[in-house]
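For reference, each letter of the sequence shown is one residue, going 185 to 573 in our numbering.
Structure first, then comments.
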Amino acid sequence: MSLGTAARPLRVAVIGAGPAGFYVAEHLLRRADLVAEVDMFDRLPTPYGLVRAGVAPDHQKIKAVTGAFDKVAAHPRFRFFGGVELGKDVSVGDLREHYHQIVYATGAQTDRRMGIPGEDLPGSHPATEFVAWYNGHPDYRDCQFDLSQERVAVVGVGNVAVDVARILCRTPEELARTDIAEHALQALRHSRVKEVYLLGRRGAAQAAFTNPEIKELGELEAADVVVLPEEVELDFLSRDILEKSNDRAGVKKVQILQAYARRGAAGKPRRLTLRFLVSPVAVLANGVGAVGGIRLVRNRLVASAAGAIQAQATDQLEELPVGLVFRSVGYRGVPLSGVPFDDKWGVVLNEKGRVLDPDTKQPLAGEYTAGWIKRGPTGVIGTNKPDAG
């Protein structure tokens, strides 16, 4: 009796109920040449991973992808088991006994650290915690953030960093029109934040945020976007790479930022200041041992031996008086109990999605990985779709 037929379906366990897991399930269930039964397991009681807990509440269009996932969940050969944690409620050995294949799609669940003095002072937080808090993630509902502080530094210039800055700068009325968690809305109603700094170590052309994200900042009702003209003036290296690569999105990104620099502040009650070519070297303590500032070093751009543009520190330092710091310098996967892990890269040890034995470096039969836990935290939700195959 052949495996993958109606008489003997291929039984697959998918660990993780985020986009990568659902794309894998969709791919398996749609195949005309294969009959598969997919059981999906997640530590949380509800599915959808970062779509639910990571996408900003004022970005409902992005969350619309859950409609496609709902259709997968309704398939007669699909089952979801929430509140089941690998290594605690079920082991890899258990799964191997009951399934023909296992796919690990748990994402990147923790943040990368800055590795600087003062990073763990009270008032210094991973951006991931703030994002999970305002999205109602049950693990982070009780987190406390001192929103009585008037100045905040967000380290990083990716889309998550922009989300954090934007939520901090929105009015309670703007936030009330979103699906932000009620406890977060109530806390933000009493926020005294007046200025948010977004800090990028390289130049404007190298910033990781996307153009729609940065353009949206100009629509904030009560916050001016402030950009220093000298920090968005293209250097020779950046201009040369943009021209040679025909990077239209990169050119547009710089143009948007330069337009902000020309426009200047309009007198709104809050300011969102984007800084480039600066790196934090220390989080500074105030008189009671909490965050009181952040020390930055000015950078210049240089080309590496491989031709990539890198930030090189100068001897110029400056300090920003801030009472709250959010680090948003990347996500990182966490080891799964019983699953080979590459600690250097923060991913499941794999080659092209096949999990490898840590000793022989040969593929483990029937074990696969997909999404961020496979390749690292890069791309947007749809980037995970090719991993499904």
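Don't be surprised by glycine CBs; every beta carbon is placed ideally from N, CA and C.
Drop a sphere of 10 angstroms on the beta-carbon of residue i, count the other beta-carbons inside from all chains shown, and report buried for 16 or more, exposed for fewer.
i    : result
V472 : exposed
R297 : exposed
N568 : Here the model assigns N568 a pLDDT of 48, short of 50, so the residue's position is not dependable, and the following value carries that caveat. Looking at its Cβ environment, which holds 16 or more other Cβ atoms inside 10 Å, N568 is buried.
W529 : exposed
S308 : buried
S186 : exposed
A197 : buried
G566 : Confidence is the limiting factor: at G566 the pLDDT is only 49, short of 50, which leaves the residue's position unreliable, though a coordinate-based value still follows. With fewer than 16 Cβ atoms within 10 Å of its Cβ, G566 is classed as exposed.
E397 : buried
E551 : buried
T290 : buried
V348 : buried
S488 : exposed
R361 : exposed
P561 : buried
Ends of the alpha helix (DSSP H) at residue i?
i    : result
I364 : Here I364 belongs to no alpha helix (DSSP H), and DSSP marks it neither H nor E.
N483 : Run containing N483: none in the alpha helix (DSSP H); it sits in the beta strand (DSSP E), 475-487.
V208 : 203-214
S463 : Per DSSP, S463 belongs to no alpha helix (DSSP H); it is in the beta strand (DSSP E), 462-469.
Q439 : 432-447
V235 : 233-237
L426 : 420-429
Q244 : 244-247
Going by DSSP in three states, residue i sits in which element: helix, strand or coil?
i    : result
L279 : helix
Y552 : strand
F253 : helix
G402 : helix
I199 : strand
P396 : helix
E535 : strand
G560 : coil
L372 : helix
N568 : Per-residue confidence for N568 stands at a pLDDT of 48, beneath the threshold of 50, marking its modelled position as unreliable; the derived number appears in the next sentence. Looking at N568 - three-state DSSP - the assignment turns out to be helix.
E221 : strand
Q328 : coil
P547 : strand
A389 : helix
Are the beta-carbon atoms of residue i and residue j separated by less than 9 Å?
i    : j    : result
H282 : R195 : yes
E210 : A258 : no
G267 : Y232 : no
V219 : V208 : no
P322 : P241 : no
L418 : V438 : yes
G302 : A466 : yes
S463 : L383 : yes
C327 : A316 : yes
A190 : W556 : no
G340 : A311 : yes
F265 : L213 : no
E502 : K452 : no
V532 : D526 : yes
V380 : L468 : no
N470 : G476 : yes
For chain B, is any of its Cβ atoms less than 9 Å away from the one on residue i?
i    : result
V481 : As a matter of chain content, chain B is missing from the structure shown, which is built from one protein chain.
Can you tell me where the beta strand (DSSP E) holding residue i begins and where it ends?
i    : result
D347 : Looking at the DSSP string, D347 is not in any beta strand (DSSP E); the run it does join, the alpha helix (DSSP H), is 343-353.
Q500 : 493-504
L383 : 379-383
F264 : 262-266
L458 : 454-459
A258 : First-last for A258: undefined, no H or E at that position.
V509 : 508-511
V409 : 407-411
Q285 : 285-288
For the ligand SAM, any of its heavy atoms closer than 8 Å to the Cβ of residue i?
i    : result
N395 : Only the bare structure without any ligand can be found here, which leaves the ligand SAM out of the picture.
Could you name each continuous beta strand (DSSP E) segment of 3 residues or more that falls completely within the segment 292-320, going from the start of the chain to the end? Within the segment 292-320, the complete beta strand (DSSP E) runs of at least 3 residues are 308-310.
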